[in-house]
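J.: Structure below; questions to follow.
2 protein chains.
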Amino acid sequence: MMKLQVPGFVAGAVAAGLKKGGDKDLGMILSEVPACAAGVFTTNQVQAAPVLLDKKKIKSGRCQAIVANSGNANACTGKRGIEDAEAVARAAAIALGIPEELVLVASTGVIGQSLNVSAIEAAMPELARQLNPTGLHDIAQAIMTTDTFPKTVTKQGSIGDKTFTVAAVAKGAGMILPNMATMLCFICTDIAAEPDLLGQSLKDAVAESFNAITVDGETSTNDTVLLLANGLSGQNIEDAGCAEAFQRILNDILFTLALQIVQDGEGATKLVSIHVKGASSKADAKRVAYTVANSPLVKTALFGEDANWGRIMAAVGRAGVPVNPERIDIYFDDVCMVKDGQGCGRQAEEAATKALKTDRFTISIDLMMGTKGSTVHTCDLSPDYVRINANYRS
Amino acid sequence: MMKLQVPGFVAGAVAAGLKKGGDKDLGMILSEVPACAAGVFTTNQVQAAPVLLDKKKIKSGRCQAIVANSGNANACTGKRGIEDAEAVARAAAIALGIPEELVLVASTGVIGQSLNVSAIEAAMPELARQLNPTGLHDIAQAIMTTDTFPKTVTKQGSIGDKTFTVAAVAKGAGMILPNMATMLCFICTDIAAEPDLLGQSLKDAVAESFNAITVDGETSTNDTVLLLANGLSGQNIEDAGCAEAFQRILNDILFTLALQIVQDGEGATKLVSIHVKGASSKADAKRVAYTVANSPLVKTALFGEDANWGRIMAAVGRAGVPVNPERIDIYFDDVCMVKDGQGCGRQAEEAATKALKTDRFTISIDLMMGTKGSTVHTCDLSPDYVRINANYRS
Numbered sequence: 006m007m008k009l010q011v012p013g014f015v016a017g018a019v020a021a022g023l024k025k026g027g028d029k030d031l032g033m034i035l036s037e038v039p040a041c042a043a044g045v046f047t048t049n050q051v052q053a054a055p056v057l058l059d060k061k062k063i064k065s066g067r068c069q070a071i072v073a074n075s076g077n078a079n080a081c082t083g084k085r086g087i088e089d090a091e092a093v094a095r096a097a098a099i100a101l102g103i104p105e106e107l108v109l110v111a112s113t114g115v116i117g118q119s120l121n122v123s124a125i126e127a128a129m130p131e132l133a134r135q136l137n138p139t140g141l142h143d144i145a146q147a148i149m150t151t152d153t154f155p156k157t158v159t160k161q162g163s164i165g166d167k168t169f170t171v172a173a174v175a176k177g178a179g180m181i182l183p184n185m186a187t188m189l190c191f192i193c194t195d196i197a198a199e200p201d202l203l204g205q206s207l208k209d210a211v212a213e214s215f216n217a218i219t220v221d222g223e224t225s226t227n228d229t230v231l232l233l234a235n236g237l238s239g240q241n242i243e244d245a246g247c248a249e250a251f252q253r254i255l256n257d258i259l260f261t262l263a264l265q266i267v268q269d270g271e272g273a274t275k276l277v278s279i280h281v282k283g284a285s286s287k288a289d290a291k292r293v294a295y296t297v298a299n300s301p302l303v304k305t306a307l308f309g310e311d312a313n314w315g316r317i318m319a320a321v322g323r324a325g326v327p328v329n330p331e332r333i334d335i336y337f338d339d340v341c342m343v344k345d346g347q348g349c350g351r352q353a354e355e356a357a358t359k360a361l362k363t364d365r366f367t368i369s370i371d372l373m374m375g376t377k378g379s380t381v382h383t384c385d386l387s388p389d390y391v392r393i394n395a396n397y398r399s
Numbered sequence: 006m007m008k009l010q011v012p013g014f015v016a017g018a019v020a021a022g023l024k025k026g027g028d029k030d031l032g033m034i035l036s037e038v039p040a041c042a043a044g045v046f047t048t049n050q051v052q053a054a055p056v057l058l059d060k061k062k063i064k065s066g067r068c069q070a071i072v073a074n075s076g077n078a079n080a081c082t083g084k085r086g087i088e089d090a091e092a093v094a095r096a097a098a099i100a101l102g103i104p105e106e107l108v109l110v111a112s113t114g115v116i117g118q119s120l121n122v123s124a125i126e127a128a129m130p131e132l133a134r135q136l137n138p139t140g141l142h143d144i145a146q147a148i149m150t151t152d153t154f155p156k157t158v159t160k161q162g163s164i165g166d167k168t169f170t171v172a173a174v175a176k177g178a179g180m181i182l183p184n185m186a187t188m189l190c191f192i193c194t195d196i197a198a199e200p201d202l203l204g205q206s207l208k209d210a211v212a213e214s215f216n217a218i219t220v221d222g223e224t225s226t227n228d229t230v231l232l233l234a235n236g237l238s239g240q241n242i243e244d245a246g247c248a249e250a251f252q253r254i255l256n257d258i259l260f261t262l263a264l265q266i267v268q269d270g271e272g273a274t275k276l277v278s279i280h281v282k283g284a285s286s287k288a289d290a291k292r293v294a295y296t297v298a299n300s301p302l303v304k305t306a307l308f309g310e311d312a313n314w315g316r317i318m319a320a321v322g323r324a325g326v327p328v329n330p331e332r333i334d335i336y337f338d339d340v341c342m343v344k345d346g347q348g349c350g351r352q353a354e355e356a357a358t359k360a361l362k363t364d365r366f367t368i369s370i371d372l373m374m375g376t377k378g379s380t381v382h383t384c385d386l387s388p389d390y391v392r393i394n395a396n397y398r399s
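Protein sequences, first through last, are from chains A and B. To convert, count from 1 in the first sequence and add 5; that's the numbering used here. To convert, count from 1 in the second sequence and add 5; that's the numbering used here.
Shown next as structure tokens:
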């Protein structure tokens with residue numbers, strides 16, 4: 006893998022004491038110059054203070070630094086929560102010597118507890134000193150909660166003799182049915198772009214990545230995706246061929262991170278793509294795919310490596326989309342398990358079980374009602390999901 | 006508890022070899038005389054053969070016997086499934102010497118496998134011999150799948166000097182978010198009633214019982230509630246005061262069974278009522294209540310006895326109903342945990358944790374948006390739910 010480095014960006018992380026155990030919990034990304042910025046945020050009506058603050062600030066289309074903490078979501082914290090988020094941005098601005106309005110903030114962790122702002126303020130000068138060109142790895146670690154590995158991707162593109170770079174970090178693990186955005190994801194690029202174009206590009210990339218995954222059907226209060234473009238590559242998204250090249254790379258990066266989030270879903274042992282086709286509309290296809298992808302009985306069967314297609318049929322039937330049960334076909338990878346709504350017998354089940362025993366496979370469902378399709382990526386439901394979440398705060 | 010006995014009804018059960026381990030798996034209820042009948046069935050579009058058959062037969066408003074098996078749902082079994090369900094009804098009719106059109110059937114168990122009809126036919130004469138006035142206990146056992154206890158209730162009512170009796174058996178355990186009906190429930194009464202009135206009475210009782218519970222958000226392919234009224238008490242539902250007395254008892258019985266189903270939800274350790282009030286409409290209240298009641302993160306916190314109210318706020322915020330997060334109040338029994346969208350502090354949390362450590366409590370959520378309310382009853386999500394369902398077919 007290439008180095009996680011984008012010209013003109015530095016990053017870093019420290020342990021500010023917000024997480025138990027002394028792990029890194031406060032990270033920062035800084036662009037040498039003010040960057041063009043776009044963001045996508047949670048659709049949950051209960052929105053954390055940093056989300057509310059960023060949504061206001063990002064209207065300017067400009068940002069130079071992002072500060073993110075784990076260990077505390079700063080959600081359901083009222084006016085004090087907003088003041089705390091502002092204080093964090095202010096402390097970062099002072100340490101970096103940049104205007105406060107160019108600092109965005111993000112938080113993840115427990116909901117409903119006040120942020121330990123003085124710990125963050127105390128750690129800020131050291132955090133500013135830590136910033137370095139390869140520091141994106143560190144911030145990827147600092148935003149982990151129940152994630153088991155840091156999530157990062159870098160890619161380069163070129164138009165003519167000029168290259169540009171896009172790098173991103175993300176965290177996921179639980180509360181994952183993003184709707185317009187997921188969890189925390191920060192993307193840096195040295196391309197130049199106006200905020201509107203950048204925002205559209207981000208939305209398009211999110212639609213087929215973070216908005217096509219689920220771990221547990223939950224939408225977080227803190228979901229935030231931020232994209233900073235500092236223009237230092239000399240390439241502008243409006244240059245000939247550049248928008249397409251950039252979009253391809255951005256889609257690719259966000260899709261890779263989205264799959265990493267599902268793969269690292271709390272307690273997950275399998276990454277399963279649910280592909281619905283033959284639907285009357287894309288919305289119908291997505292609704293059926295999400296109903297199957299979030300079905301506890303389907304997910305426990307996946308964990309048990311049991312080709313229990315009856316549960317898939319039952320989930321399809323309750324998705325709220327008109328279907329004809331007697332025409333539905335279901336495949337596990339390329340094995341036909343269900344034809345015209347009925348099982349294909351023991352041999353098919355044995356072949357499907359082989360696919361089930363791998364850690365990544367696709368379940369295809371053909372509704373035979375039309376020509377539209379959609380794919381959602383999910384994981385299985387294991388006793389570890391319950392264990393992790395029964396004890397999350399203790 | 007009074008004896009599970011209704012004048013004019015006999016019941017019984019045998020082990021026909023459909024369930025592993027030789028447990029009772031085939032049960033029957035017979036009325037001495039043809040009874041008036043009403044039914045409520047699953048809203049899942051994927052409907053099992055016995056559901057399809059009963060929906061057709063019950064249009065006559067008459068039924069004399071119900072045959073039910075566990076171990077196999079006879080769902081997703083195509084034309085052969087319908088023929089098999091008809092064969093079961095025929096075998097029962099022959100053994101009982103009654104017309105085939107007066108026999109209803111019900112199945113529960115694995116989806117997608119053909120029913121072993123010859124085993125059922127072979128067991129039928131013995132089953133007919135077993136029928137006796139206290140046999141409802143036996144059929145309650147015979148329809149159990151992952152249920153840990155048989156579910157039965159009996160009550161008597163009286164108008165003037167005449168009494169009437171209502172008794173019911175049910176099974177639940179998993180795939181429980183009934184929508185118009187739940188799992189299997191058979192109700193016998195010696196009251197007299199025309200099918201239309203009986204059907205309305207059943208619908209009303211189901212609305213606030215089986216349609217107000219959830220274990221896992223799944224709606225089964227086989228949900229069936231059947232009510233037989235044989236009229237032998239000499240009381241008619243149209244007699245003065247009788248409709249109200251009957252409705253009160255029917256509501257009470259179905260509500261008791263519904264709570265038993267949640268209490269015996271797969272892996273459940275707690276029965277939790279989610280009461281949403283202050284909503285703009287009853288539909289809004291119910292949607293919020295169901296979103297909280299089905300949230301895996303709320304349910305795992307309940308299992309962990311963690312008063313993690315932030316997850317309740319997050320679930321309310323993604324329910325798809327307009328809310329004002331800054332006005333929401335949340336109570337655990339009578340402890341105020343959240344006031345105006347913010348936590349009430351450590352003391353409140355400690356008090357709430359005491360409620361959480363009991364096996365039955367209420368979470369009340371006041372949206373402060375209006376005057377409508379709704380209550381949904383749910384259970385916690387434990388590692389045992391996953392274990393039971395990962396290995397269900399093996």
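Virtual Cβ for every residue (Gly too), placed ideally from N, Cα, C. The structure presented is a predicted model; accordingly, all values stated were derived computationally and were not measured.
Going by beta carbon distance, what residues of the same chain come within less than 6 Å of B:LEU120, once the five residues before and after it are set aside?
T.: Your numbering for residue 120 of chain B matches position 115 in the second sequence. Answer for B:LEU120: ASN77, ASN79, ASP89, listed in chain order.
J.: Between which two residues does the alpha helix (DSSP H) containing B:THR261 stretch?
T.: Looking up residue 261 of chain B in the second sequence gives position 256. 247-268 is the span of the alpha helix (DSSP H), which, as asked, contains B:THR261.
J.: Any idea which residues DSSP pairs A:THR139 with across the strands?
T.: Stepping through the first sequence from its first residue, residue 139 of chain A is reached at position 134. The partner list for A:THR139 (beta bridge, DSSP) is empty, contrary to what the question assumes.
J.: For a contact meaning CB atoms closer than 8 Å, what does B:ASN394 contact in chain A?
T.: Within the second sequence, residue 394 of chain B is the residue found at index 389, counting from 1. What B:ASN394 touches in chain A: PRO301, LEU302, THR305, ALA306, GLY309.
J.: Listing by chain order, which chain B residues have their CB less than 8 Å from the CB of A:ASP221?
T.: Counting from one through the first sequence, the residue named residue 221 of chain A turns up at place 216. Under the 8 Å cutoff, chain B gives PRO301, LEU302.
J.: By how many angstroms is the C-alpha of B:ALA70 removed from the C-alpha of B:ASP338?
T.: Residue numbering aside, residue 338 of chain B sits at position 333 when the second sequence is read from its first letter. Residue numbering aside, residue 70 of chain B sits at position 65 when the second sequence is read from its first letter. In a straight line, the C-alpha of B:ASP338 is about 44 Å away from that of B:ALA70.
J.: Compare the Cα-Cα distances from A:ARG403 to each of B:LEU302, B:GLY378, B:GLN252 and report the closest residue.
T.: Not covered by the structure: residue 403 of chain A. The range shown for chain A is 6 to 399.
J.: Tell me the DSSP bridge mates of B:ASP334?
T.: As a first step, residue 334 of chain B must be located in the second sequence, where it is residue number 329. B:ASP371, per the DSSP bridge assignment.
J.: Can you find a CB in chain A that lies within less than 8 Å of the CB of B:SER225?
T.: Translated into positions along the second sequence, residue 225 of chain B becomes position 220. Judged by the 8 Å Cβ criterion, B:SER225 is in contact with chain A.
J.: Check this for me: beta carbons of B:GLY346 and A:CYS81, under 8 Å apart or not?
T.: As a working note, residue 346 of chain B is residue 341 in the second sequence. As a working note, residue 81 of chain A is residue 76 in the first sequence. Closer than 8 Å, so yes.
J.: Would you kindly report the start and end of the unbroken alpha helix (DSSP H) that includes B:SER206?
T.: Within the second sequence, the letter at position 201 stands for residue 206 of chain B. Looking at the DSSP string, the run of the alpha helix (DSSP H) that includes B:SER206 is 200-212.
J.: Quick one: measure Cβ to Cβ for A:THR150 and A:GLY204, integer angstroms, because I've assumed they're closer than 8 Å.
T.: Taking the first residue of the first sequence as 1, we reach residue 150 of chain A at position 145. Taking the first residue of the first sequence as 1, we reach residue 204 of chain A at position 199. At roughly 27 Å, the Cβ-Cβ gap does not stay under 8 Å, so A:THR150 and A:GLY204 are not in contact.
J.: Spell out whether any CB of chain B is found under 8 Å from the CB atom of A:LEU57.
T.: The count along the first sequence starts at 1 and reaches residue 57 of chain A at position 52. It does not: the Cβ of A:LEU57 has no partner Cβ on chain B nearer than 8 Å.
J.: What's the gap between the Cα of B:ASP389 and the Cα of A:PRO388?
T.: For the purposes of this step, residue 389 of chain B is taken as residue 384 along the second sequence, with counting starting at 1. For the purposes of this step, residue 388 of chain A is taken as residue 383 along the first sequence, with counting starting at 1. Between B:ASP389 and A:PRO388, the C-alpha separation is close to 8 Å.
J.: Considering just the uninterrupted stretch of the alpha helix (DSSP H) at A:ASN394, what are its terminal residues?
T.: The residue labelled residue 394 of chain A in the question sits at position 389 within the first sequence. Segment 388-395, the alpha helix (DSSP H) holding A:ASN394.
J.: Which one or two residues does DSSP pair with B:GLN161 in a beta bridge?
T.: Along the second sequence, read from residue 1 onward, the residue named residue 161 of chain B stands at position 156. In DSSP, B:GLN161 forms a bridge with B:THR170.
J.: Can you find a CB in chain A that lies within less than 8 Å of the CB of B:THR274?
T.: Against the second sequence, residue 274 of chain B aligns to sequence position 269. Not one chain A Cβ lies under 8 Å of B:THR274.
J.: Kindly indicate the opening and closing residues of the beta strand (DSSP E) around A:THR380.
T.: To locate residue 380 of chain A, count along the first sequence from 1; it is residue 375. Where A:THR380 is concerned, the enclosing beta strand (DSSP E) stretches over 377-384.
J.: For the segment 333-357 of chain B, list every residue whose C-beta sits within 7 Å of some C-beta in chain A, in sequence order.
T.: Flagged, chain order: GLY346, GLN347, GLY348.
J.: Helix, strand or coil: how does DSSP classify B:ILE196 here?
T.: Walking along the second sequence from the start, residue 196 of chain B turns up at place 191. Looking at B:ILE196 - three-state DSSP - the assignment turns out to be coil, as it is neither helix nor strand.
J.: Distance cutoff 8 Å, beta carbons only. Does A:VAL328 sit that close to anything in chain B?
T.: Numbered from 1 along the first sequence, position 323 holds the residue referred to as residue 328 of chain A. Yes, because at least one Cβ of chain B sits closer than 8 Å to the Cβ of A:VAL328.
J.: May I ask whether a heavy atom of the ligand MN can be found less than 7 Å away from the beta carbon of B:ASP389?
T.: Inclusion of the ligand MN in the displayed structure is not the case, the ligand content being empty and no account of it being possible.
J.: Using a cut-off of 7 Å between C-beta atoms, extract the partners of B:VAL115 located in chain A.
T.: As a working mapping, residue 115 of chain B is identified with position 110 in the second sequence. The contacting residues are GLY315.
J.: Taking Cβ positions, are B:SER238 and B:PHE308 nearer each other than 8 Å?
T.: For the purposes of this step, residue 238 of chain B is taken as residue 233 along the second sequence, with counting starting at 1. For the purposes of this step, residue 308 of chain B is taken as residue 303 along the second sequence, with counting starting at 1. No, the pair does not count as a contact, with Cβ atoms beyond the cut-off.
J.: Can you tell me which of the three DSSP states A:ILE2 falls into?
T.: The structure shown does not extend to residue 2 of chain A, since chain A is modelled only from 6 to 399, so the question has no answer here.
J.: So A:GLY32 packs on A:ASP143, CB below 8 Å; how close in whole Å?
T.: Working through the first sequence from its first residue, we reach residue 32 of chain A at position 27. Working through the first sequence from its first residue, we reach residue 143 of chain A at position 138. Going by Cβ atoms, the distance from A:GLY32 to A:ASP143 rounds to 6 Å, so yes, they are a contact pair.
J.: Output, in chain order, the set of chain A residues within a Cβ distance shorter than 7 Å of B:VAL391.
T.: If you number the second sequence from 1, residue 391 of chain B lands on position 386. Correct list: THR305, PHE308, LEU386, SER387, PRO388, VAL391.
J.: Which value, in whole angstroms, describes the spacing of the CA atoms of B:LEU35 and B:ALA16?
T.: If you number the second sequence from 1, residue 35 of chain B lands on position 30. If you number the second sequence from 1, residue 16 of chain B lands on position 11. The alpha-carbon atoms of B:LEU35 and B:ALA16 are separated by roughly 6 Å.
J.: Tell me which residues of the segment 55-88 of chain A have at least one Cβ-Cβ distance to chain B shorter than 8 Å, keeping chain order.
T.: Those would be ALA78, ALA80, CYS81, THR82, GLY83, in chain order.
J.: By alpha-carbon positions, which one of A:VAL171, A:ASP209, A:SER65, A:ALA53 ends up nearest to A:VAL158?
T.: The residue you call residue 158 of chain A lines up with position 153 of the first sequence. Per the Cα distances, A:VAL171.
J.: Cβ atoms of A:VAL72 and A:CYS193: under 8 Å apart, would you say?
T.: Here residue 193 of chain A refers to the residue found at position 188 when the first sequence is read from its first residue. Here residue 72 of chain A refers to the residue found at position 67 when the first sequence is read from its first residue. For A:CYS193 and A:VAL72, no; Cβs fall outside 8 Å.
J.: Cutting at 7 Å between CB atoms, please list the residues of its own chain near A:LYS60, excluding the five before and the five after it.
T.: Counting from one through the first sequence, the residue named residue 60 of chain A turns up at place 55. Once the five neighbours on either side are set aside, the close Cβ partners of A:LYS60 are PHE46.
J.: Relative to the alpha-carbon of B:LEU264, which residue among B:PHE251, B:ALA250, B:ILE279, B:GLN252 has its alpha-carbon at the smallest distance?
T.: Numbered from its first residue, the second sequence carries residue 264 of chain B at position 259. Checked all of B:PHE251, B:ALA250, B:ILE279, B:GLN252; the closest Cα to B:LEU264 is B:ILE279.
J.: Under 8 Å, Cβ to Cβ, is there at least one residue of chain B near A:MET318?
T.: Position 313 of the first sequence, counted from the start, is the residue given in the question as residue 318 of chain A. Chain B, which has a Cβ nearer than 8 Å to the Cβ of A:MET318, makes this yes.
J.: Of all Cβ atoms in chain B, is any one closer than 8 Å to the Cβ of A:ARG323?
T.: On the first sequence, residue 323 of chain A is found 318 positions in, with the first residue counted as 1. With 8 Å as the cut-off, A:ARG323 counts as an interface residue toward chain B.
J.: Please state whether the Cβ-Cβ distance between A:ALA124 and A:GLY22 is less than 8 Å.
T.: Counting from 1 along the first sequence, the entry for residue 124 of chain A is found at position 119. Counting from 1 along the first sequence, the entry for residue 22 of chain A is found at position 17. Their beta carbons are under 8 Å apart, which means A:ALA124 touches A:GLY22 by this criterion.
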